[in-house]
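Chain order of the listed sequences is A and B. All you need for my numbering is the position in the first sequence, starting with 1, plus 1. All you need for my numbering is the position in the second sequence, starting with 1, plus 20. Yeah, the Cβ is synthetic: ideal placement off N, Cα and C, and Gly gets one too. Here the structure is laid out as structure tokens; the discussion comes afterwards.
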Amino acid sequence: MKKIFLISFTAIAVTVVGVLNVSLAQNKIEGTSVSLGSGEALSACEVSSNASDNEGYCERNYEDTADVCTKGGSSSVCCSGNL
Amino acid sequence: MKSKIVSYIIFVLLVSCTHHNNKTQDRKGRSIYTMRQVEYKRFPLDENTTQNTNYTQMCIINGKVCFSLFNPAKYNILVYDFDAETLIDSIQLFKEGPDNVGNAAQGFLICSIDSIYVYDQWLGMIYQVNHKGNVVKKIDIGKKIVQSNIDCTIAPVIFPQTNSPIDIVNGNLILQGMSGNIRDCERPVCTTTLLYNFKNDVVSLINPYPEIYGEHKNIREKWGTFSYRQTHYTLDKKRTKMIVDFPADDCIIIYDLKTGGYERIFAGYSVKDVIKVADIKTRASIDEQYYGQTQYVGIYYDEYNDLYYRLVLHPLNDYDLSNRETLAKKASVIILDSNFRKVGEYDVPERLQGRYAKTFVSKDGLHINCLSEDDDYLKFITLNPVKL
Numbered sequence: 002m003k004k005i006f007l008i009s010f011t012a013i014a015v016t017v018v019g020v021l022n023v024s025l026a027q028n029k030i031e032g033t034s035v036s037l038g039s040g041e042a043l044s045a046c047e048v049s050s051n052a053s054d055n056e057g058y059c060e061r062n063y064e065d066t067a068d069v070c071t072k073g074g075s076s077s078v079c080c081s082g083n084l
Numbered sequence: 021m022k023s024k025i026v027s028y029i030i031f032v033l034l035v036s037c038t039h040h041n042n043k044t045q046d047r048k049g050r051s052i053y054t055m056r057q058v059e060y061k062r063f064p065l066d067e068n069t070t071q072n073t074n075y076t077q078m079c080i081i082n083g084k085v086c087f088s089l090f091n092p093a094k095y096n097i098l099v100y101d102f103d104a105e106t107l108i109d110s111i112q113l114f115k116e117g118p119d120n121v122g123n124a125a126q127g128f129l130i131c132s133i134d135s136i137y138v139y140d141q142w143l144g145m146i147y148q149v150n151h152k153g154n155v156v157k158k159i160d161i162g163k164k165i166v167q168s169n170i171d172c173t174i175a176p177v178i179f180p181q182t183n184s185p186i187d188i189v190n191g192n193l194i195l196q197g198m199s200g201n202i203r204d205c206e207r208p209v210c211t212t213t214l215l216y217n218f219k220n221d222v223v224s225l226i227n228p229y230p231e232i233y234g235e236h237k238n239i240r241e242k243w244g245t246f247s248y249r250q251t252h253y254t255l256d257k258k259r260t261k262m263i264v265d266f267p268a269d270d271c272i273i274i275y276d277l278k279t280g281g282y283e284r285i286f287a288g289y290s291v292k293d294v295i296k297v298a299d300i301k302t303r304a305s306i307d308e309q310y311y312g313q314t315q316y317v318g319i320y321y322d323e324y325n326d327l328y329y330r331l332v333l334h335p336l337n338d339y340d341l342s343n344r345e346t347l348a349k350k351a352s353v354i355i356l357d358s359n360f361r362k363v364g365e366y367d368v369p370e371r372l373q374g375r376y377a378k379t380f381v382s383k384d385g386l387h388i389n390c391l392s393e394d395d396d397y398l399k400f401i402t403l404n405p406v407k408l
């Protein structure tokens, strides 16, 4: 019984991972999603667990498709770089 | 001496922008030109390249007209034959190791296939690399600014984009951007252009914000980042003048690179919009400031027709931040002649959302990046000027 459960679980896990990889490979258009709506985190900026590394400000670049972490921004969302 | 120069600059810029013949501003201008949309320009993208490039630039390599783009996914620069629309070369950049150019590359300039300048916007460094991506020179721009010790003239946060390109004119590297960090200063002057002189190894800071931006010490708090602070420019036919576009200002600024003189000229849309500041502490306020107001987003010189094109976005009256399709803005092209007189205005048939920073001019016309339905192509709306 345990063996059957283990084999079934492994098969399902492999299938899920396989489907995910295929989806990611096919999703070329928007490499990073940009969250919309106020209060949501901007998703293309790195945030370091070391607070002192978060010297930048994560901003939506309306002129282009990506969020950008720059040292000259002005929002309150801090970041340590770009994904 | 420096404070006198700064004071003079401020005085000049406080004067209302003038029409070139000093008459009352005629927002509509003359109707000599319009534009027409022609076939899209498309460049193929392989499986390693998405439409999310942050920088493109026209270039000439070995006499061939080329189109180049930065591919963040592979951290390389791709070069296309512009006419054939085929990929012909690539330059690999490195994030690590002895030839690293940092990991925040934002902008490049191909001088030749073996001389490419790359800017890292996080480190504030310029790297010169060869065709193999080997670093042959480094310039610490941040250090140069400190060494120059330019009082209360504030260096910009440099952020090259296609509509604010890296370029070299008369031995000066042009780096464009937005207002920088204010030091402890009573009356700072925020500039938008940094010139690095290769021969003298010094920087100059020019093109301060105009009057509409209010007190410079408050620009960062009131104008957002990529909504109204980021600025754009083009060069004139002789490459002796910078024509600077400020998103909130009807006027453009002409800066003479030889004399250091400034001139402000009206180049606004025919219908006036009052552009207001935002409370940048809230995401919603910044979004409303951007989506609900007019914004000038680039100026381009067309050497083939001796015209300038200024791209303007119009406010949205009804939009839903959670629905991307409602966020595309209507746009127009303001057409100026070689003396910056308004000679036409054209409404772009397609709405624009993001991507329009990647706009450039070629012999085929004005090209504005738009989202391609086919992920294997980078696509551009193409407009040609037409005399009425």
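- In the DSSP assignment, Y248(B) falls outside any alpha helix (DSSP H) and carries neither an H nor an E.
- Taken in chain order, the complete beta strand (DSSP E) segments of 3 residues or longer contained in the region 321–359 of chain B are 327–333 and 351–356.
- Chain order gives the chain B residues near A67(A) as N72 and N74, where near means a beta carbon separation below 7 Å.
- Between the region 298–315 of chain B and the region 275–286 of chain B there are fewer than three C-beta pairs closer than 8 Å, too few to call the two in contact.
- For K164(B), the uninterrupted alpha helix (DSSP H) run begins and ends at I161 to S168, by DSSP.
- Residue-level contact check: I388(B) does not touch chain A, since none of the beta carbons of chain A fall below 8 Å from its beta carbon.
- I97(B): member of the beta strand (DSSP E) spanning N96 to D101, first to last residue.
- Among the CB atoms of chain B, one or more fall inside 8 Å of the CB of S75(A).
- Going by beta carbons, S81(A) and Y58(A) fall outside the 8 Å limit.
- The criterion of a C-beta distance shorter than 8 Å is not satisfied by N183(B) and T54(B).
- If you look at R56(B), you'll find it isn't in any alpha helix (DSSP H); it sits in the beta strand (DSSP E) that goes Y53 to P64.
- One alpha carbon belongs to Q141(B), the other to F179(B), and they sit about 7 Å apart.
- In terms of beta-carbon proximity, K72(A) lines the interface with chain B, with at least one pair separated by less than 8 Å.
- Only those residues of the region 300–313 of chain B whose C-beta falls short of 9 Å from the nearest C-beta of chain A are listed: I300, K301, T302, R303, A304, S305, I306, D307, Y310 and Y311.
- With distances taken between CA atoms, D221(B) lies nearest to I159(B) out of I159(B), A175(B) and G244(B).
- Contact with chain B is found for N83(A), since one of that chain's Cβ atoms lies less than 8 Å from the residue's Cβ.
- Contact note: N62(A) reaches chain B through F246, using a C-beta cutoff of 7 Å and chain order.
- The Cβ atoms of F90(B) and A124(B) lie no closer than 8 Å to each other.
- Contact between the region 322–331 of chain B and the region 251–263 of chain B is established, with three or more Cβ pairs separated by less than 8 Å.
- Contact annotation: in the region 96–126 of chain B, residues whose CB is within less than 9 Å of a CB in chain A are N123, A124 and Q126.
- Proximity of G374(B) to chain A, defined by a Cβ-Cβ separation below 8 Å, is satisfied.
- Buried is the label assigned to Q71(B), since at least 16 other Cβ atoms lie within 10 Å of its Cβ.
- As DSSP reads the structure, Q315(B) sits in a beta bridge with L333(B).
- By the CB criterion at 8 Å, K261(B) and I274(B) fall inside the cutoff.
- Burial is judged here by how many other beta carbons sit within 10 angstroms of a residue's own beta carbon; A52(A) has fewer than 16 and is exposed.
- Within the same chain, Cβ atoms closer than 7 Å to the Cβ of N96(B) are found at S110, I111, Q112 and L113, the five residues on either side in sequence being excluded.
- Non-local beta-carbon contacts of F360(B) in its own chain, meaning distances under 8 Å to residues more than five positions away in sequence, involve H40, I263, I272, I274, I285, A287 and Y328 in chain order.
- If you ignore the 5 residues before and after S88(B), its C-beta comes within less than 8 Å of the C-beta of T76, Q77, M78, C79, I97, L98, V99, Y100, F128 and I130, all in its own chain and listed in chain order.
- Within the region 173–203 of chain B, the residues whose Cβ lies closer than 7 Å to any Cβ of chain A are, in chain order, V177, F179, Q181, M198, G200 and N201.
- Judged by DSSP secondary structure, R61(A) falls within the beta strand (DSSP E) whose first and last residues are G57 to R61.
- Taking 8 Å as the CB threshold, V353(B) stays off the interface with chain A.
- In the DSSP assignment, T76(B) forms a beta bridge with L89(B).
- Residue state for D265(B) is assigned as strand, using DSSP reduced to three classes.
- Rounded to the nearest angstrom, the gap between the Cα atoms of R344(B) and F266(B) is 26 Å.
- Sequence-distant partners of P369(B) (beyond 5 residues in either direction) whose C-beta falls short of 7 Å from its own C-beta, in its chain, are Q57.
- Within chain A, the C-beta atoms nearer than 7 Å to that of V317(B) come from E64, in chain order.
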